[in-house]
Amino acid sequence: MWRKSSHSGTQAGSDCVELGRLRGAIAFRDSKNPDGPKLIMGRDEFAALLAALKH
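Here my numbering is used: the first residue of the sequence shown is -19, the next is one more, and so on.
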């Protein structure tokens, strides 16, 4: 199941990154191109990314 921020809006053309949970990993995709490439990273890497973005 893919999720996006509630702050991204619902209007056509609202660009957003969506997140999906996988077993032991997190996947990212472009909401404008759901069948396109995905970026997949482990949960530890995702936690490190969030920590870095908060600083």
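Backbone N, C-alpha and C fix where the C-beta goes; we use that ideal spot for every residue, glycine too.
Just so it is clear, the structure is predicted and the values come from calculations on it, not from any experiment.
Mapping the DSSP letters down to three states, classify R3 as helix, strand or coil.
coil
Between L19 and A7, how many whole angstroms is the CB-CB distance? I'm expecting something under 8 Å.
7 Å
Identity of the residue in C(-4), W(-18), L2 nearest K12 by Cα
C(-4)
What residue range does the alpha helix (DSSP H) around K34 cover?
23 to 34 is the span of the alpha helix (DSSP H), which, as asked, contains K34.
By a C-beta neighbour count over all protein chains shown, 10 Å radius and 16 as the cutoff for buried, is R1 buried or exposed?
exposed
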